[in-house]
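Take a look at the structure below.
Protein chains: 2
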Amino acid sequence: MSPEQARAAFREGLRAPTSGFSAGWTQANLISLPREHAYDFLLFAQRNPKSCPVLDVTEPGETSASIFDGDLRTDLPAYTVYRDGQLVDERAEVVDLWRDDLVSFLVGCSFTFEAALLDAGVPVRHIEAGGNVPMYRTSRQCRPAGKLSGPLVVSMRPVPAELVATAVRVTSRYPAVHGAPVHIGAPEELGITDLAAPDFGEAVEVRPGEVPVFWACGVTPQAAVMHSKPPFAIGHAPGHMAITDARDSDYQVP
Amino acid sequence: MSPEQARAAFREGLRAPTSGFSAGWTQANLISLPREHAYDFLLFAQRNPKSCPVLDVTEPGETSASIFDGDLRTDLPAYTVYRDGQLVDERAEVVDLWRDDLVSFLVGCSFTFEAALLDAGVPVRHIEAGGNVPMYRTSRQCRPAGKLSGPLVVSMRPVPAELVATAVRVTSRYPAVHGAPVHIGAPEELGITDLAAPDFGEAVEVRPGEVPVFWACGVTPQAAVMHSKPPFAIGHAPGHMAITDARDSDYQVP
């Protein structure tokens, strides 16, 4: 499916995690905040580049973006709505909630490098399982910025021990979509006590001989919203990403 | 010289381009703007990441930064001062001009990857000559953000034709300090009519068999200040950088 076709399908009601969709096209996290909070967020992103690599920023009220030639209010599979830091709704579109002062940030997503992992022979369990990636709120705090603070959120993929180095090497080439892992093994060091109980997404099996590998996750901005309680925010539903018109290769280095 | 020693020398009056100083330590461009312009600048930087890779941002009025354990008002070799977009002064320190509302941005500098170029056998002419790198205002416009717009500024290094690919490969690994070249050969395509007459820094010899290679330059924010005319701004004097406490390897990928 092309990005345009995928966005049309979501607009018409398809609701599914987007891992594996539109291979080769960059996926992005969405966070929309009132203009008065935009500087704090952009600074938060600059200070936490592993979790919040900003790919695009709209003008206030805009419903498309330079890398997203669709409607940000309808063309993602599902949205979250926050009031005073509380998740008050999860829904298929946000047309009636849109405001002229909302600045939308598209933040890189690790789904982008999954095609590269598969190409390199690294299995991706949640794609095999046809589900959503498991995500965990960690005990590690982000660097605050203005009124925004909160914990680092990570995604986890179990990787066979002999392929962990390959997974690091491959994902290092995509710093704009979270890049190299932030943590390998030892989930308890991140404050994760039970891999089978993720905070977002779905648990996956970690088989004998596999190591849990953790990447910084673009749900981190939503964790900051929950922690910092701005009056209003809209996000994507975790795992249900914006599929952009940028190519994965646009973000590959060197 | 360690970063601390270099900063002390500049504080005590040494005035010199910093190319080749404190090898292995990251150098940075400085732009300080009143808080009311900070969002526009941060957005400008996000939209022009090749020329404006932001390494650090201070709180308003702060005189040091997380990667710069010195005094931003005195510890660079030379400063520029702008009023309404006019360069009104170039001086050794800016203590008496400092304001409580100034937000300082440290922006990556291509001097950072010069040690890696030398290690790879790529000669760096302005280091050989003991001078400043030549910089040019181009005809290519940056993506505007709010009230900020202006041309891309580039630095130029002549590279022997057989080493151009090596120079690309080596510098690609440092996206946070301008990364891969933006242009190779054909200076007229960038609107540069005379390589011997740079807009900033000093001209260098381009020898037979060498190709002029252009990297995005952190003087671009100052060109935007000149073009957009905010009431007040402080910058570093081109080529006279902030020497930070970050290591070049911190910014190397993969």
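In order, the protein sequences belong to chains A and B. Read left to right, the first sequence gives residues 22 to 275 (the numbering used here). Read left to right, the second sequence gives residues 22 to 275 (the numbering used here). Here a beta-carbon is modelled for each residue, glycine too, at the ideal position from N, C-alpha and C. Source: prediction; values computed, not measured.
Identify the contact partners of residue i in chain B, using a Cβ-Cβ distance below 8 Å as the criterion.
i, result
"Ser249(A)", "Under the 8 Å cutoff, chain B gives no residues; its nearest Cβ is about 17 Å from Ser249(A)."
"Ser193(A)", "Val274 and Pro275"
"Arg190(A)", "Pro275"
By the criterion of Cβ-Cβ separation under 9 Å, what are the contact partners of residue i in chain B?
i, result
"Gly200(A)", "Val274 and Pro275"
"Ala277(A)", "The structure shown has nothing for residue 277(A), since chain A only spans 22 to 275."
Closer than 7 Å by beta-carbon distance: list the chain A residues that pair up with residue i, in chain order.
i, result
"Leu64(B)", "Leu63 and Val78"
"Ala59(B)", "Tyr60"
Thinking just about the alpha-carbon of each residue, which of the options is nearest to the one in residue i?
i, options, result
"Ala113(A)", "Gly230(A), Glu223(A), Thr265(A) and Arg36(A)", "Arg36(A)"
"Leu63(A)", "Val75(A), Pro219(A) and Pro55(A)", "Val75(A)"
"Ala66(A)", "Asn50(A), Pro81(A) and Glu80(A)", "Asn50(A)"
"Leu184(B)", "Asp140(B), Tyr195(B), Ile148(B) and Leu169(B)", "Asp140(B)"
"Thr214(B)", "Leu169(B), Tyr157(B), Ala201(B) and Ala44(B)", "Tyr157(B)"
"Asp220(A)", "Gly230(A), Ala207(A), Glu231(A) and Cys238(A)", "Cys238(A)"
"Asp121(B)", "Thr84(B), Pro202(B) and Ala137(B)", "Thr84(B)"
"Gly260(B)", "Gly151(B), Tyr272(B) and His204(B)", "Gly151(B)"
"Ala186(A)", "Ile148(A), Val143(A), Leu127(A) and Thr159(A)", "Val143(A)"
"Asp110(A)", "Tyr272(A), Met262(A) and Ile255(A)", "Ile255(A)"
"Arg228(A)", "Val174(A), Arg146(A), Pro38(A) and Asp61(A)", "Arg146(A)"
"Asp271(A)", "Val225(B), Val232(B), Asp271(B) and Pro196(B)", "Pro196(B)"
"Trp236(A)", "Gly230(A), Glu223(A), Ala218(A) and Ile205(A)", "Ile205(A)"
"Thr79(A)", "Glu25(A), Ala99(A), Leu127(A) and Asp266(A)", "Leu127(A)"
"Asp77(B)", "Arg32(A), Gly82(A), Gln26(A) and Arg164(A)", "Arg164(A)"
"Asn69(B)", "Ala218(B), Leu169(B) and Leu216(B)", "Leu169(B)"
"Met22(A)", "Gly41(A), Ser87(A) and Ser125(A)", "Gly41(A)"
"Ala99(A)", "Pro155(A), Arg32(A), Gln162(A) and Ala217(A)", "Arg32(A)"
"Glu25(B)", "Val274(B), Pro202(B) and Asp266(B)", "Asp266(B)"
"Val124(A)", "Lys71(A), Gly106(A), Ala166(A) and Ala59(A)", "Ala59(A)"
"Gly171(B)", "Asp61(B), Thr39(B), Arg268(B) and Pro81(B)", "Asp61(B)"
"Val174(A)", "Leu118(A), Gln162(A) and Arg28(A)", "Gln162(A)"
"Gly82(A)", "Leu118(A), Ala207(A), Ser193(A) and Ala182(A)", "Leu118(A)"
"Ala218(A)", "Leu97(A), Thr39(A) and Pro155(A)", "Pro155(A)"
Just how far apart, CA to CA, sit residue i and residue j?
i, j, result
"Glu210(A)", "Ile264(B)", "34 Å"
"Val180(A)", "Asn153(A)", "16 Å"
"Val198(A)", "Thr101(B)", "36 Å"
"Val246(B)", "Gly212(A)", "45 Å"
"Met177(B)", "Gln243(B)", "18 Å"
"Ala224(A)", "His257(B)", "51 Å"
"Ile148(A)", "Val234(A)", "15 Å"
"Val115(B)", "Thr95(B)", "7 Å"
"Glu226(A)", "Cys73(A)", "27 Å"
"Arg28(B)", "Ala44(B)", "14 Å"
"Arg104(A)", "Gly222(B)", "52 Å"
"Ala136(A)", "Ser193(B)", "22 Å"
"Gly106(A)", "Gln48(A)", "25 Å"
"Thr159(A)", "Leu216(A)", "12 Å"
"Val232(A)", "Arg190(A)", "16 Å"
Name the two residues that bound the continuous alpha helix (DSSP H) containing residue i.
i, result
"Gln243(B)", "Thr241 to Ser249"
"Ala59(A)", "Ala59 to Arg68"
"Pro24(B)", "Pro24 to Arg32"
"Arg146(B)", "Arg146 to Glu149"
Grab the span of the beta strand (DSSP E) containing residue i for me, first residue to last.
i, result
"Val189(B)", "Taken as a continuous stretch (DSSP letters only), Val189(B) belongs to no beta strand (DSSP E), being part of the alpha helix (DSSP H) at Val185 to Ser193."
"Glu135(A)", "Looking at the DSSP string, Glu135(A) is not in any beta strand (DSSP E); the run it does join, the alpha helix (DSSP H), is Glu135 to Asp140."
"Asp110(B)", "Gln107 to Arg112"
"Met177(B)", "Pro172 to Pro181"
"Glu231(B)", "Glu231 to Ala237"
"Asp77(A)", "Val75 to Val78"
Check the Cβ of residue i against every Cβ in chain B and list those closer than 7 Å, keeping chain order.
i, result
"Pro196(A)", "Pro196 and Val274"
Closer than 8 Å by beta-carbon distance: list the chain A residues that pair up with residue i, in chain order.
i, result
"Val75(B)", "Gln67"
Problem set entry | Touching by the beta-carbon criterion (3+ pairs, under 8 Å), the stretch 52-61 of chain B and the stretch 242-259 of chain B | Using a C-beta cut-off of 8 Å, the stretch 52-61 of chain B makes contact with the stretch 242-259 of chain B, since at least three inter-stretch Cβ pairs fall below that distance.
Exercise. Per the contact definition of three or more C-beta pairs closer than 8 Å, is the stretch 131-139 of chain B in contact with the stretch 87-105 of chain B?
Worked result: no
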